[in-house]
Amino acid sequence: MTILYDEGQQAIATESRRVLEARISKDALLPLLESVGDYHHPFWDTAKEQGWTALAMPEAHDGLGLGLIELGLIAHQAGRSLSGAPFLTSGFGTAKAIELYGSDAQKARWLPALASGDSIGAIAFAAGPDALPARPDVTFTDDRLDGTARGVSGGLAADVAIVLSNGPGVPVLALVDLTGVERIAVPSFDNSRCVADLKFADAPAETIAVGTAARDAALHILALQAVVTAHEQTGGAEVLMEIARDYALTRRAFGQPIGAFQSVKHRIAELYGLVELARANCIHAASREGAADFITAAAAARLSATEAYDTAARDSVQIHGGIGVTWDLGLHLHMRRARSLAIEQGSSLFWEDVLVDRLAGEAA
Amino acid sequence: MTDLETYRAKAVAWLKSMAPTYGREARKGLAEADDLALGRRYQKAKFDAGFAGINWPTEYGGQGLGHLEKVTFEAEEMKHGFPNFYFGISLGMPVPVLMQFGSDKEFVKERVLKALQGEEIWCQLFSEPSGGSDLAGLRTKAEPDGNGWKINGQKVWTSWAHYSDYGVIVVRTDPTVPKHKGLTYFWVDMKAPGVTVRPIKLAGGDSHVNEVFFDDVKISDDHRMSPVGGGFAVAITTLMIERYVATDSAGFGPHLDLFVDLAKHISLNGKPAIEDGRIRQQIARNYAMRSGLDSINVRARLMMQAGMIPGAEGSLNKLVAVRSRQKLSELAIDLQGTGGFVFDEHASPKEDWASSWINAPTGRIAGGSDETLLNTIAEKVLGLPQDHRPDKGIPFNQIPA
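In the order they appear, the protein sequences are chains A and B. Numbering follows this note's numbering, in which position 349 of the first sequence is assigned residue number 662; successive positions increment by one, without gaps. Numbering follows this note's numbering, in which position 383 of the second sequence is assigned residue number 404; successive positions increment by one, without gaps.
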C-alpha cells in the first residue's frame, strides 16, 4: 500500500523547499569541494533551527514524533538543493539504532542531543565493498573497539557512532562516543560529506545488539537510511530533470530550441520516467516502515532512486553540452552527489542482492 | 470495510464462481470461433450479474457506478484469463462514443444493449496504411452522395473487424483544408455492401487485426457523429475515454514471480541461475520498476477515490512496462538455452515467455508507440516544444507526398 500526502505533509515539503532554496546556493557549495573536512554550516544550522533533526525522533526524547514519510519529504528537498552535510541521514540512523535497540540510559544520553542536533551521529557498518560485512574490520573485545572503520560519511564531525564490529565469534552492533577517537579525513570527490576513517584503539564502547540480532538490526537501520537517501536522490534527479528541461527550452541551435529535437526531448522524457518511478517507490517504502515487506520496499526505492539520480546527472550534463562541464555552472555538484549518495548506505549491488534474496525466499 | 472493498469482495466472489466455466482452464485448446462463442456467453453472464457497463448510465443498461468500481472489477477480472478481449475495443471506445454522440437515441440504446450483452461487436476504424501515429494524415474519403455519403479507401490494424457488426470511422470529407480540419466521424455497418475485411496474420501467428476496404460504401447522413469537418475532436475524445484503464506493471506479460521460479529451477554453470549475478540484477531492476508502477497506480486510484485527477505519471505504464517485458522475455528464453526453442502459438503471453516475447513488439506500437508516448510526455507534461511539422497549416491536398 502506498499513500497520498496529507496537508501537513505537503506543508512540510513546501516550507522546507522555501527555506532551503533561500539559504543554499552553489556559490557556497563549490568552494567546499576544494576543502577537505568542512561542511556547509548554514545547512546544518537550518536543519537544527527548523526542527528537522528532531522530526522523526520520539516525543519522549525531545523529538517531534513524526516518521520516515516526513523525514523523506525533507530529504527530497535537501536533494533538490544539494544538502551541505550528511548528518540528517546519519543522525537519523544513529538515533533509530539507539531508539530501537539501545538501553534507557543510552536513549537518555544521546536521543535529546541528536534531536536538537547538538550531537552529530555517524553509521560505520561497511568495509569497502561490503555494506554489511560478516567479519568487520573493527573488533569488539570486553567493551572496547579496535581497528579502523573506513570511509564513514559524517565521521569527521560526528560525536557518536554506531559501529558494526567483530565480537568474540559473533557480530556486535556497538555504540561508541567518538570523543578522543582519532579520525583521518578522506579526501573525496564530494568533500562536504566529511568522510573519515575512524581509528579505534581501545575505545570504550557499549553493546546495542549481538549476533544475528546485530546483523538484523544493522540491515534495518541501513534500510531506514536508504529510504531517506532515496528521497534525497529523487529530489536531486528531479531538479536535474527540470534544469535540463529549462535549458532545452532556451538554448537554440540549428534555428530552434534544442528541446525540439527528439534526441534531446526524449532523453528528458526518459528522466521524467525514472524520477516518477523513484518517487513512487520512495512514497511506498516510507509508508511501509514497520511492515513485513519494509526491506523489500526500501531496496526497490533505493535501486530506482540511484538509477534516477545517476542517469539524471549523466544526461543533464550531456544536454548542456560544453557549458555543462564547467566548474562554475556547478552541475558537477550533482554528479558528485549522485555518486556519493550511491555508495552511502550500501550500493546498488548490495541492495540488488538484498532484494533478490527476499523475492526468491532465501532471506535469513 | 469501505464501500469499495465491499464491492471488490462481491466482484471477487462472482469472478471465482465464473472461473471454472469461462476461465483460463476452460478455454484451453478451444478454436477461436468456440472461444468467441464462450466469450459471448461470459459477456452475457456479466451483464446478467450486473458487472457489464459498470460506469455507464443505467438508461443504457449500465450500472451507474464510478470509474473506480470499473477499474476495481477489471483488476480482479484480469486474474482469471476470461475470454473478454473480443469486447475490449468495442465496449472501451466505439460504444461509449456512440452513447455520447449518436443522434438517434432509440437506435443507440438498442445497439448499446446488444453490445453490452456480447451479441454485437463494434470496431474502431482509425489507422491507415499511410499513418498510424499521424492519425490526422488519413486518406480514406467520404464524398457527398445524394442525401448521404459514399466512402472509399482503406483502414488497417482494425482489431476484431472480422467479428464486428458495426464500426466507428474517421474519414476525410474535405481535402482542401489543413489535415485536422477536413475530417468527419461516422458509424458504419460492417456488413454493408462494399466493406471487405481481410485478416492480417501477425508475427506471433494470430490474426485479430485486419485490413478493411471501403469501395463505394453508401451511408445516410444520420450515421454522422460529428459536425462535418469536426471529426478529429470526436476521435480524440474516443482516445481519451480510456485514459485510466486497468493497468498491468507486467506489461501484459508474465508476472515476475514466474521469472524467479524459472531462475530457481534452471541450472547455470552448475548452480541455480538465481545465484547468478547477471540474473539477479535483472530480477532486482525489474522488480524496482514494476513496484514503482504499482505504487503509481495505487496512488492514481487513491486520488480518484478522493475526487482528484491522477497525475501525468500514469502515462508511463505502457511505455515502461512493455519494453521491460520484451527484454525480460528475451532473457527468460536465454536462460532456457536450447530448451527455449519450444513454442506454442496458443500459449498466453501472460504465462509463456516465448509468447510474451514474440507479441511484445505489438504492445510497444499499438495504442501509441514508445516514441509517440515519449513525445507526449515531453510536450504535454514537461512543456518541451513540438516537433518540426512541415505539414502544419497546409491544405491536405497540397502536402508534399
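In this text, a Cβ means the ideal position worked out from N, Cα and C, and glycines have one as well.
Under 8 Å (Cβ pairs) to chain B, residues found in the segment 563 to 575 of chain A: Q569, P570, G572, A573, Q575
Distance between A305(B) and A677(A) (C-alpha atoms, nearest Å): Numbered from 1 along the first sequence, position 364 holds the residue referred to as residue 677(A). Numbered from 1 along the second sequence, position 284 holds the residue referred to as residue 305(B). Only weak support is given to the placement of A677(A): the predicted model assigns it a pLDDT of 42, under 50, and the value that follows is read from those uncertain coordinates. Using only the alpha carbons, I get a separation of about 18 Å.
Contact set between H409(B) and chain A, taken where Cβ atoms lie within less than 8 Å: In the second sequence, counting from the first residue as 1, residue 409(B) sits at position 388. Chain A residues near H409(B): Q569, A573.
CA nearest to the CA of Q84(B), picked from D166(B), K67(B), K100(B), K401(B): The count along the second sequence starts at 1 and reaches residue 84(B) at position 63. Selected option, being the one with the closest Cα: K67(B).
Same chain, Cβ closer than 6 Å to A527(A), five either side skipped, listed in chain order: In the first sequence, counting from the first residue as 1, residue 527(A) sits at position 214. Closer than 6 Å at Cβ, skipping near neighbours: P484, V485, L486.
Counted within 10 angstroms of its Cβ, other Cβ atoms place R61(B) as buried (16 or more) or exposed: Looking up residue 61(B) in the second sequence gives position 40. Flag for R61(B) reads buried.
V483(A), DSSP secondary structure in three states: If you number the first sequence from 1, residue 483(A) lands on position 170. DSSP places V483(A) in coil when its eight states are reduced to three.
T547(A) - containing alpha helix (DSSP H), residue span: As a first step, residue 547(A) must be located in the first sequence, where it is residue number 234. Element bounds for T547(A): 525 to 563.
Top-ranked residue by Cα proximity to T624(A), from A561(A), D443(A), L584(A): Numbered from 1 along the first sequence, position 311 holds the residue referred to as residue 624(A). Here the closest residue by C-alpha is L584(A).
CA-to-CA distance, S501(A) to N479(A), given in whole angstroms: Sequence index remark: in the first sequence, residue 479(A) carries index 166 (1-based). Sequence index remark: in the first sequence, residue 501(A) carries index 188 (1-based). Answer to the nearest angstrom: the Cα atoms are 27 Å apart.
Nearest-angstrom Cα separation, counted from G392(A) out to R506(A): On the first sequence, position 193 is the one that residue 506(A) refers to. On the first sequence, position 79 is the one that residue 392(A) refers to. Roughly 13 Å separates the two Cα atoms.
P220(B) - containing beta strand (DSSP E), residue span: Stepping through the second sequence from its first residue, residue 220(B) is reached at position 199. Segment 216 to 221, the beta strand (DSSP E) holding P220(B).
Rounded straight-line distance, which links the Cα of A573(A) to that of R565(A): Mapped onto the first sequence, residue 565(A) falls at position 252. Mapped onto the first sequence, residue 573(A) falls at position 260. Each residue's Cα considered, the two are about 9 Å apart.
L204(B) vs V189(B) beta-carbon contact at 8 Å: Position 183 of the second sequence holds residue 204(B). Position 168 of the second sequence holds residue 189(B). No. Outside cutoff.
G466(B) - containing beta strand (DSSP E), residue span: Nothing in the structure corresponds to residue 466(B), since chain B is present only between 22 and 422.
Test item: CB-CB of A157(B) and F253(B) under 8 Å: Your numbering for residue 157(B) matches position 136 in the second sequence. Your numbering for residue 253(B) matches position 232 in the second sequence. Contact: yes.
Beta carbon proximity, K49(B) to chain A, threshold 8 Å: The residue labelled residue 49(B) in the question sits at position 28 within the second sequence. Closer than 8 Å: no.
For F453(A), the first and last residue of its enclosing alpha helix (DSSP H): Here residue 453(A) refers to the residue found at position 140 when the first sequence is read from its first residue. Taken as a continuous stretch (DSSP letters only), F453(A) belongs to no alpha helix (DSSP H), being part of the beta strand (DSSP E) at 452 to 454.
Closest by C-alpha distance to D432(B), when choosing among Q357(B), E140(B), A375(B), N338(B): A query on residue 432(B) cannot be resolved here, the shown segment of chain B reaching from 22 to 422 and no further.
Listed by chain order, chain A residues near I221(B) by CB distance under 7 Å: Position 200 of the second sequence, counted from the start, is the residue given in the question as residue 221(B). Near I221(B) there are no residues of chain A at all, since even the closest Cβ is about 29 Å away, more than 7 Å.
6 Å Cβ shell around T179(B) - same chain, five flanking residues per side excluded: Position 158 of the second sequence, counted from the first residue, corresponds to residue 179(B). Hits under 6 Å: C144, L146, N231, V233.
Short CB-CB distance (under 8 Å) between M310(B) and chain A: Translated into positions along the second sequence, residue 310(B) becomes position 289. Yes, contact with chain A.
Proximity of I636(A) and A557(A) at Cβ, strictly below 8 Å: Start at 1 with the first residue of the first sequence, and residue 636(A) comes out as number 323. Start at 1 with the first residue of the first sequence, and residue 557(A) comes out as number 244. Contact: no.
Chain B residues whose Cβ lies nearer than 7 Å to that of V541(A): As a working mapping, residue 541(A) is identified with position 228 in the first sequence. Within 7 Å Cβ-Cβ: nothing; V541(A) doesn't reach chain B, min ~17 Å.
Residue environment, Q658(A), which counts as buried when at least 16 other CB atoms sit within 10 Å: Sequence index remark: in the first sequence, residue 658(A) carries index 345 (1-based). Counting Cβ neighbours within 10 Å, Q658(A) comes out buried, since at least 16 surround it.
For A418(A) and G300(A), the rounded distance between their alpha carbons: An answer regarding residue 300(A) cannot be provided, because it is not within the stretch 314 to 677 covered by chain A.
Span separating the alpha-carbon of H597(A) from that of S154(B): Counted from its first residue, the first sequence places residue 597(A) at position 284. Counted from its first residue, the second sequence places residue 154(B) at position 133. Distance between the alpha carbons of H597(A) and S154(B) is about 35 Å.
Beta-carbon neighbours of G328(B), restricted to chain A and to distances below 8 Å: Working through the second sequence from its first residue, we reach residue 328(B) at position 307. The premise fails here: G328(B) is roughly 12 Å from chain A at the closest Cβ pair, so nothing lies under 8 Å.
Runs of alpha helix (DSSP H) lying entirely within the segment 52 to 80 of chain B, each at least 4 residues, in chain order: 53 to 70
Helix, strand or coil at L705(A) [DSSP, three-state]: The question about residue 705(A) has no answer, for chain A in this structure spans 314 to 677.
H579(A) at chain B interface by Cβ criterion, 8 Å: Position 266 of the first sequence holds residue 579(A). Cβ-Cβ to chain B under 8 Å: yes for H579(A).
Neighbour flag for A677(A) against chain B, beta carbons, 8 Å: Working through the first sequence from its first residue, we reach residue 677(A) at position 364. For A677(A), the predicted structure reports a pLDDT of 42, less than 50, and the residue's modelled location is therefore unreliable. A value from the coordinates is still provided. No, because no Cβ of chain B sits closer than 8 Å to the Cβ of A677(A).
A47(B) versus A34(B), V33(B), Y63(B), residue with shortest Cα-Cα distance: Within the second sequence, residue 47(B) is the residue found at index 26, counting from 1. Checked all of A34(B), V33(B), Y63(B); the closest Cα to A47(B) is Y63(B).
Helix, strand or coil at Y622(A) [DSSP, three-state]: Within the first sequence, the letter at position 309 stands for residue 622(A). Residue state, collapsed to three classes: helix.
Contact check, L587(A) vs E545(A), beta carbons under 8 Å: Here residue 587(A) is taken as the residue at index 274 of the first sequence, counted from 1. Here residue 545(A) is taken as the residue at index 232 of the first sequence, counted from 1. It is not a contact, given that the beta carbons lie outside the stated cut-off.
Contact set between A613(A) and chain B, taken where Cβ atoms lie within less than 8 Å: Sequence index remark: in the first sequence, residue 613(A) carries index 300 (1-based). Those within 8 Å of A613(A) in chain B are Y308, A309, S312, G313.
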